[in-house]
Amino acid sequence: MAKNDPGPLTFSTFHNVINNELTSTAQSRHGINPPNKKPNPAVRVSTQEDLNRAVTAAQQAFLSWSKIPVGERRTAIYEFANGIEANKDMFAKMLTAEQGKPLSQATTEVEMAVHWARTIPTIEIPITVLEESDEHEIIERHTPMGVVGAIVPWNFPVLLAVGKIVPALYTGNTIILKPSPFTPYCDLKLAELAIQYFPTGVFQALSGDNDLGPIMTEHPGIDKISFTGSILTGKRVMASCAKTLKRLTLELGGNDPVIICDDVDIDAIIPTIGVLSFLCSSQICMMIKRLYVHEKIYDEFRDKLAKHVQDLKVGEGTRPDTFIGPVQNSMQFDKAKDLFDSLSSEGLKPVPTLVDNPPDNSRVVVEEPFAPILPLLKWSDENDVIARANDSQTGLGASVWSSDIDRANRMALQLQAGSVWVNSHFQVAPNVPFGGHKASSIGMEWGLTGLLGYCNTQSLWLKKK
Ligand code: NAD
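Here the sequence shown is numbered in UniProt numbering, starting from 1 and rising by one per residue.
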């Protein structure tokens with residue numbers, strides 16, 4: 001396996017990585033540090049030609065990377081994981097500077113990425129003998145697809161990138177990573193770091209502006225797109241991939257319902273509900289986004305949650321006590337402001353950023369805010385609240401909270417979502433499939449199901465002598 005040593009990683013200059021070389025482009029741009037709007041360093045604006053070079057390199061690399069023993073690929077990924085860990089503090093600092101999230105949350109994200117990189121390659125890809133006789137053997141196995149284009153959003157740029165890079169490479173594909181223009185920095189550094197662990201062309205990264213995503217999804221040399229982002233963009237990606245019949249995985253938006261029963265210990269769960277509603281300034285696909293509270297406890301629950309939310313520290317991510325950092329970018333801020341403004345035009349009452357029992361058809365209930373605005377809704381009948389929770393075009397996560405576990409489990413089984421929890425929310429793990437139902441996803445990531453999303457299934461009809 002090729003080994004190159006580019007020297008210690010620094011976070012001052014940022015390049016594309018094509019064919020294991022740091023490359024430049026004629027045009028550059030920069031992201032901004034969200035709380036103070038100061039420019040972050042320059043990054044490259046990639047063109048069709050840059051992408052073409054990367055695709056050719058990835059196709060070439062695929063020929064050998066797909067054939068080396070899986071154990072060797074696993075070892076390279078483990079070394080990559082060690083490399084991320086060794087640079088953890090610098091990744092976390094950069095993540096706060098580009099994404100805005102508090103440093104403690106940025107550190108957690110980088111640690112999760114390391115954990116994902118170490119765990120996913122422990123999952124065995126099954127090779128199943130379906131039938132065996134003296135004459136023949138029929139085997140089902142899973143082979144890599146080729147060149148993967150990975151497109152990631154700005155809310156979890158490190159974890160979501162690693163959550164695509166590792167499964168793609170472990171299963172024998174090569175990958176070209178395209179970060180969000182809002183958060184290109186850590187993702188480019190992941191690829192620069194990877195130069196020393198992977199052969200030429202196996203893992204490349206290109207930054208760009210809004211034009212780069214569409215030219216990736218159009219490119220005939222890319223075999224699969226793994227996309228995480230909004231539902232609207234996901235539809236565009238799917239339409240574009242259809243032209244070349246690319247394989248694709250789409251991980252899209254959510255509008256997670258949470259049902260709070262009347263028997264919960266309100267004081268005990270309020271801090272957890274607060275975290276699971278406002279972590280990362282609520283810019284997480286799988287946050288609590290519709291909170292259905294039983295009418296018997298509604299007023300007490302609302303007032304205690306409002307008090308708790310008021311006490312959460314808002315500020316720059318570099319301050320150690322900050323819990324809610326800035327909204328990441330002006331596009332998202334304007335969207336959130338527009339939604340917030342809709343409250344008064346719809347005659348609704350915010351209690352800090354909680355919205356007090358809005359109608360089910362109000363914008364704040366129907367749309368994914370992706371900002372710290374949370375509707376609380378009253379319920380009284382179990383079947384009715386389950387129907388209301390399921391009445392959404394999305395189906396990413398959902399949860400039920402009750403001290404009666406039988407009741408909670410019974411209700412949980414009826415929720416339409418890719419992940420359903422009892423007395424928790426947003427629990428994720430690298431060995432557990434992650435994705436949604438309905439408009440929230442096509443396919444799943446992580447776990448064995450996620451790995452198989454990077455593979456073709458092959459039925460081998462082999463003859464015996
Ligand atoms: P977005 O859809 O605007 O952008 C996502 C990525 O797609 C970016 O890299 C962007 O540059 C690229 N892109 C934009 N237009 C494209 C096109 N036409 N073709 C190809 N690529 C294109 O999403 P965002 O604002 O970055 O992220 C927020 C959304 O992502 C929210 O809806 C959130 O729920 C969702 N999300 C989902 C998950 C999940 O796993 N389900 C995780 C995180 C975020």
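All C-beta atoms in this analysis are idealised placements derived from N, C-alpha and C, irrespective of residue type, glycine included.
Would you say residue 112 touches the ligand NAD, meaning its beta carbon is less than 8 Å from a heavy atom?
To locate residue 112, count along the sequence shown from 1; it is residue 112. No, Cβ of residue 112 sits at least 8 Å from all heavy atoms of the ligand NAD.
Where residue 187 falls, given that 16 or more other Cβ within 10 Å makes a residue buried:
The residue labelled residue 187 in the question sits at position 187 within the sequence shown. Flag for residue 187 reads buried.
Three or more C-beta pairs under 8 Å: does that hold for the segment 96-107 against the segment 314-325?
Touching, yes, given that three or more Cβ pairs across the two stretches are closer than 8 Å.
Pull up the distance between the alpha-carbon of residue 395 and that of residue 453, whole angstroms please.
Working through the sequence shown from its first residue, we reach residue 395 at position 395. Working through the sequence shown from its first residue, we reach residue 453 at position 453. Going from the Cα of residue 395 to the Cα of residue 453 covers about 19 Å.
Cβ-based burial, residue 286 [other Cβ within 10 Å; buried from 16]
On the sequence shown, residue 286 is found 286 positions in, with the first residue counted as 1. Classification for residue 286: buried.
Among residues of its own chain, excluding the 5 on either side of residue 234, which ones have a beta-carbon nearer than 7 Å to its beta-carbon?
In the sequence shown, counting from the first residue as 1, residue 234 sits at position 234. Hits under 7 Å: 227, 250 and 252.
For residue 333, which residues from the same chain have a beta carbon less than 6 Å from its beta carbon, with the 5 sequence-adjacent residues on both sides left out?
Here residue 333 is taken as the residue at index 333 of the sequence shown, counted from 1. Counting only Cβ-Cβ distances below 6 Å, and skipping sequence neighbours, we find 327.
For residue 384, which option in 204, 32 and 415 has the closest C-alpha, if you only look at C-alpha atoms?
Residue mapping note: residue 384 aligns to position 384 of the sequence shown, counting from 1. Among 204, 32 and 415, the Cα nearest to that of residue 384 is on 415.
Does the ligand NAD have a heavy atom nearer than 8 Å to the CB of residue 229?
Position 229 of the sequence shown, counted from the first residue, corresponds to residue 229. Checking the Cβ of residue 229 against the ligand NAD gives yes.
So, is residue 48 buried or exposed, given that buried needs 16 or more other C-beta atoms within 10 angstroms?
For the purposes of this step, residue 48 is taken as residue 48 along the sequence shown, with counting starting at 1. Its Cβ having fewer than 16 others within 10 Å, residue 48 is exposed.
For residue 316, name the three-state secondary structure that DSSP assigns.
Stepping through the sequence shown from its first residue, residue 316 is reached at position 316. Coil.
Please state the DSSP three-state secondary structure of residue 204.
Within the sequence shown, the letter at position 204 stands for residue 204. The answer is strand: DSSP assigns residue 204 an E or B state.
Ends of the beta strand (DSSP E) at residue 233?
Taking the sequence shown and counting its residues from 1, the one referred to as residue 233 is at position 233. Run containing residue 233: none in the beta strand (DSSP E); it sits in the alpha helix (DSSP H), 231-242.
Can you find the residues in the same chain that come closer than 6 Å, C-beta to C-beta, to residue 66, ignoring five residues on each side of it along the sequence?
One-based indexing of the sequence shown puts residue 66 at position 66. Closer than 6 Å at the Cβ level, and outside the excluded window around residue 66, lie 144 and 172.
Terminal residues of the beta strand (DSSP E) in which residue 163 lies:
What you label residue 163 is simply residue 163 of the sequence shown in a count that begins at 1. It is not in any beta strand (DSSP E) - residue 163 instead sits in the alpha helix (DSSP H) that spans 157-170.
Per DSSP, which residues does residue 395 bridge with? Please list them.
As a position in the sequence shown, residue 395 is number 395, starting the count at 1. BP columns for residue 395 point to 437.
DSSP state of residue 91 mapped onto helix, strand, coil:
By 1-based counting over the sequence shown, the position of residue 91 is 91. If DSSP states are grouped into helix, strand and coil, residue 91 belongs with the helices.
Pick out whichever of 241, 288 and 76 has its Cα sitting closest to the Cα of residue 371.
Indexing the sequence shown from 1 puts residue 371 at position 371. Of the candidates 241, 288 and 76, the one whose C-alpha sits nearest the C-alpha of residue 371 is 288.
Collapsed DSSP secondary structure at residue 126 in the structure displayed:
Against the sequence shown, residue 126 aligns to sequence position 126. It is coil, neither helix nor strand.
According to DSSP, is residue 49 part of a helix, a strand, or is it coil?
Position 49 of the sequence shown, counting from 1, holds the residue named residue 49. DSSP places residue 49 in helix when its eight states are reduced to three.
DSSP three-state call for residue 23: helix, strand or coil?
On the sequence shown, residue 23 is found 23 positions in, with the first residue counted as 1. Three-state result, residue 23: strand.
Exposed unless 16 or more other CB atoms sit within 10 angstroms - verdict on residue 461:
As a working note, residue 461 is residue 461 in the sequence shown. Classification of residue 461: exposed, given that the 10 Å Cβ count is below 16.
Given residue 284 as reference, the closest of 426, 61 and 19 once Cα atoms are compared
Here residue 284 is taken as the residue at index 284 of the sequence shown, counted from 1. When only C-alpha atoms are compared, the closest one is 426.
Give me the Cα-Cα distance between residue 1 and residue 196, rounded to the nearest whole angstrom.
On the sequence shown, position 1 is the one that residue 1 refers to. On the sequence shown, position 196 is the one that residue 196 refers to. A caution first: residue 1 carries a pLDDT of 46, below 50, which makes its placement in the model unreliable, though a value can still be read off. It is roughly 10 Å from the alpha-carbon of residue 1 to the alpha-carbon of residue 196.
Cβ of residue 216 versus every heavy atom of the ligand NAD: is any distance shorter than 8 Å?
Position 216 of the sequence shown holds residue 216. Indeed, a heavy atom of the ligand NAD lies less than 8 Å from the Cβ.
Pick helix, strand or coil for residue 173, following the three-state DSSP scheme.
Taking the sequence shown and counting its residues from 1, one reaches residue 173 at position 173. Residue state, collapsed to three classes: coil.
The alpha helix (DSSP H) spanning residue 310 covers which residue range?
On the sequence shown, position 310 is the one that residue 310 refers to. Where residue 310 is concerned, the enclosing alpha helix (DSSP H) stretches over 298-311.
Using DSSP with H/G/I as helix, E/B as strand and the rest coil, what is residue 454?
Counting from one through the sequence shown, the residue named residue 454 turns up at place 454. Coil, per DSSP.
How long is the line joining the alpha carbons of residue 398 and residue 257, rounded to whole angstroms?
Residue 398 sits at position 398 when you count from the first residue of the sequence shown. Residue 257 sits at position 257 when you count from the first residue of the sequence shown. If I take the Cα positions, the gap works out to 5 Å.
Is residue 290 near the ligand NAD - that is, is its Cβ less than 8 Å away from at least one heavy atom of it?
Counting from one through the sequence shown, the residue named residue 290 turns up at place 290. Set against 8 Å, the gap from the CB of residue 290 to the closest heavy atom of the ligand NAD is not smaller.
The ligand NAD heavy atom lying under 8 Å from the CB of residue 107
Translated into the one-based positions of the sequence shown, residue 107 becomes position 107. Result no, Cβ not under 8 Å from the ligand NAD.
Quick one: give me the first and last residue of the alpha helix (DSSP H) that residue 418 is part of.
Reading the sequence shown from its first residue, position 418 is the one you call residue 418. From DSSP, residue 418 is part of no alpha helix (DSSP H); its letter is neither H nor E.
Is any heavy atom in the ligand SAH found nearer than 8 Å to the beta carbon of residue 119?
Inclusion of the ligand SAH in the displayed structure is not the case, the ligand content consisting of the ligand NAD alone.
Beta-carbon separation of residue 354 and residue 305 under 9 Å?
Here residue 354 refers to the residue found at position 354 of the sequence shown. Here residue 305 refers to the residue found at position 305 of the sequence shown. Yes, Cβ-Cβ distance for residue 354 and residue 305 is below 9 Å.
Buried or exposed for residue 409, please, with buried defined as at least 16 other CB atoms from any protein chain shown within 10 angstroms of its CB.
The residue labelled residue 409 in the question sits at position 409 within the sequence shown. Exposed is the call here.
Along the chain, where does the beta strand (DSSP E) that runs through residue 335 open and close?
Start at 1 with the first residue of the sequence shown, and residue 335 comes out as number 335. Note, residue 335: premise wrong, no beta strand (DSSP E); alpha helix (DSSP H) at 330-345.
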